[in-house]
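In the numbering used here, each residue's number is its place in the sequence shown (first place is 1) plus 751. All C-beta atoms in this analysis are idealised placements derived from N, C-alpha and C, irrespective of residue type, glycine included. None of the values given here were measured: they were computed from a predicted structure. First up is the structure itself, then whatever we jot down about it.
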Amino acid sequence: MRLAAGRGQIQGALILMYHSVGDAQNAKWLDPANHVPAAIFSRQMEFLARERKVVALDELVSTLQKGITPAAGTVVITFDDGYLDNLTVAAPILQRYKLPATLFLPIGYIDRAETQWVDQAYSAFKFRSNSRLVWGAGVATTFNLDDRAEHQAGYLAVCEQLLQAGARKRRELLDELFGQLHPTSLPPRLTMNWHEVKSLLRSYPCFEIGGHTLEHTDLSNVSGEEAQKELITCAQRLEEELGVQPHPFSFCYGRTSDSLRRMAATAGFEAACGGEGLDPVIKAPADLFRLPRVAGPASMRRFDLLTSSANTGIWRRLGR
Ligand SMILES: [Zn+2]
752 MRLAAGRGQI
762 QGALILMYHS
772 VGDAQNAKWL
782 DPANHVPAAI
792 FSRQMEFLAR
802 ERKVVALDEL
812 VSTLQKGITP
822 AAGTVVITFD
832 DGYLDNLTVA
842 APILQRYKLP
852 ATLFLPIGYI
862 DRAETQWVDQ
872 AYSAFKFRSN
882 SRLVWGAGVA
892 TTFNLDDRAE
902 HQAGYLAVCE
912 QLLQAGARKR
922 RELLDELFGQ
932 LHPTSLPPRL
942 TMNWHEVKSL
952 LRSYPCFEIG
962 GHTLEHTDLS
972 NVSGEEAQKE
982 LITCAQRLEE
992 ELGVQPHPFS
1002 FCYGRTSDSL
1012 RRMAATAGFE
1022 AACGGEGLDP
1032 VIKAPADLFR
1042 LPRVAGPASM
1052 RRFDLLTSSA
1062 NTGIWRRLGR
């Protein structure tokens, strides 16, 4: 695959999506789906610097705007949700290999420097002092969290409801969860504040900032009016805090639609990530508001194959 990518036979770019990159100490608070250990991330970045062509997201966008398909092995690195360890752990690694990256921020979470809801829920389950959970909108189900299958089902039920809730309702649900499970400890602050975002940009100019809604909202699940407000306010707040426009955007949970993409463009964003079900290899002509992304697999062999732009179908069938 490396040969194929090197000869330029298979063209196209791939956008990698990361969340938290951290050490074992922080990992205990994080839903493993959103966390890559620093050692694996470092190995992946070393590989990309050596074997691939890593470009900034705005460079990929301008290449696609010219109608040019990026060269084989072109890779863009992105992070969602504004984890503090992006500054303390990931940024120095990217700097070491001189790799650019984009950070997509949910504005309200940065304003409050609040740990992502999924990690708050994960921690409440993990550090629970009570194993009986009664949960569900409408008809409630009782889960015995000491039973593996019921634990999994209970966590899924909680996350599904939190995902669909607005900011206020989400806070109420988390308070209800903490009230029932009485966790013995709660996560430290895992999210950056604006001071840290600005310090990241000053210390690591390889970073570009993008929007990720106000409240980490599934925009496909709210009214058009609310989605528009989230998008416009997100763009305005980024300009207020950081003083530059336009920014890229990423749809939470990859959920988007034609009308949401139009709204993102009208709000002033220059491009958007989120394209569930699309082939992850991006070629021209591409919808700049529907750029697919993929999470990098931990296995280096699969990471090599995936980022070569070749046979992503095979990789998908193999699973991560
Ligand atoms: Zn997110």
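8 Å Cβ cutoff met for residue i and residue j
i: G824; j: V1032; result: no
i: L932; j: R879; result: yes
i: Q996; j: G962; result: no
i: P851; j: V890; result: no
i: R1052; j: L767; result: no
i: L811; j: P821; result: yes
i: A986; j: M1014; result: no
i: L1057; j: L765; result: yes
i: L835; j: T942; result: yes
i: R1006; j: E1027; result: yes
i: C1024; j: S1001; result: yes
i: R940; j: A864; result: yes
i: L845; j: M796; result: yes
i: I861; j: N944; result: yes
Cutoff 7 Å; reference residue i; Cβ partners in own chain excluding five residues on either side
i: G859; result: A918, L965, E966
i: C910; result: V869, A872
i: G818; result: A1035, P1036
i: G759; result: The pLDDT assigned to G759 is 44, lower than 50, so where the model puts this residue is not dependable; a value taken from the coordinates is nonetheless given after this. Closer than 7 Å at Cβ, skipping near neighbours: A822, A823.
i: L1072; result: A question about residue 1072 goes unanswered here, because the residues of the chain that appear run from 752 up to 1071.
i: E990; result: Q996
Exposure of residue i, with buried meaning 16 or more beta-carbon neighbours within 10 Å
i: A875; result: buried
i: D926; result: exposed
i: I960; result: buried
i: K974; result: Looking at the sequence itself, residue 974 is Ser, so the reference to Lys does not match. S974 should be labelled exposed.
i: R847; result: exposed
i: V840; result: buried
i: T935; result: exposed
i: L714; result: Here the chain covers residues 752 to 1071 and nothing more, so residue 714 does not appear.
i: S1010; result: exposed
i: P783; result: exposed
i: V772; result: buried
i: S954; result: exposed
i: L1039; result: buried
i: E981; result: buried
i: G930; result: exposed
i: E976; result: exposed
i: L815; result: buried
Range covered by the alpha helix (DSSP H) that runs through residue i
i: C985; result: 975-993
i: S954; result: 945-954
i: I1033; result: Taken as a continuous stretch (DSSP letters only), I1033 belongs to no alpha helix (DSSP H), as it is neither H nor E.
i: G961; result: Segment 958-962 is the beta strand (DSSP E) holding G961; no alpha helix (DSSP H) there.
i: A790; result: 789-802
i: I861; result: 858-863
i: F1040; result: Here F1040 belongs to no alpha helix (DSSP H), and DSSP marks it neither H nor E.
i: D1055; result: 1051-1058
i: I819; result: No alpha helix (DSSP H) contains I819, which DSSP labels as neither H nor E.
i: M876; result: As written in the sequence, residue 876 is Phe, which differs from the Met given in the question. Counting along the chain, the alpha helix (DSSP H) containing F876 begins and ends at 868-877.
i: F929; result: 918-932
Close Cβ partners of residue i (< 6 Å) along its chain, the five nearest in sequence each way excluded
i: Q867; result: D832
i: F830; result: Y769, N837, L854
i: I983; result: A1018
i: A778; result: H786
i: Y1004; result: D969
i: A755; result: Caution applies to A755, whose pLDDT of 44 falls short of 50 and renders its modelled position unreliable; the model cannot decide the point.
i: T893; result: V885
i: R988; result: I858
Any non-hydrogen atom of ligand 1 within 7 Å of residue i CB
i: D862; result: no
i: Y998; result: For clarity, residue 998 is His in the given sequence; the question names Tyr instead. No, the beta carbon of H998 sits no closer than 7 Å to any heavy atom of ligand 1.
i: H933; result: no
i: D1038; result: no
i: D831; result: yes
i: C985; result: no
i: C957; result: no
i: H967; result: yes
i: C1003; result: yes
i: H963; result: yes
Same chain only: Cβ atoms within 8 Å of residue i, ignoring 5 sequence neighbours per side
i: L952; result: F958, I960, L993
i: K949; result: E992, L993
N- and C-terminal bounds of the beta strand (DSSP E) containing residue i
i: W886; result: 883-886
i: I766; result: 764-769
i: N895; result: 892-895
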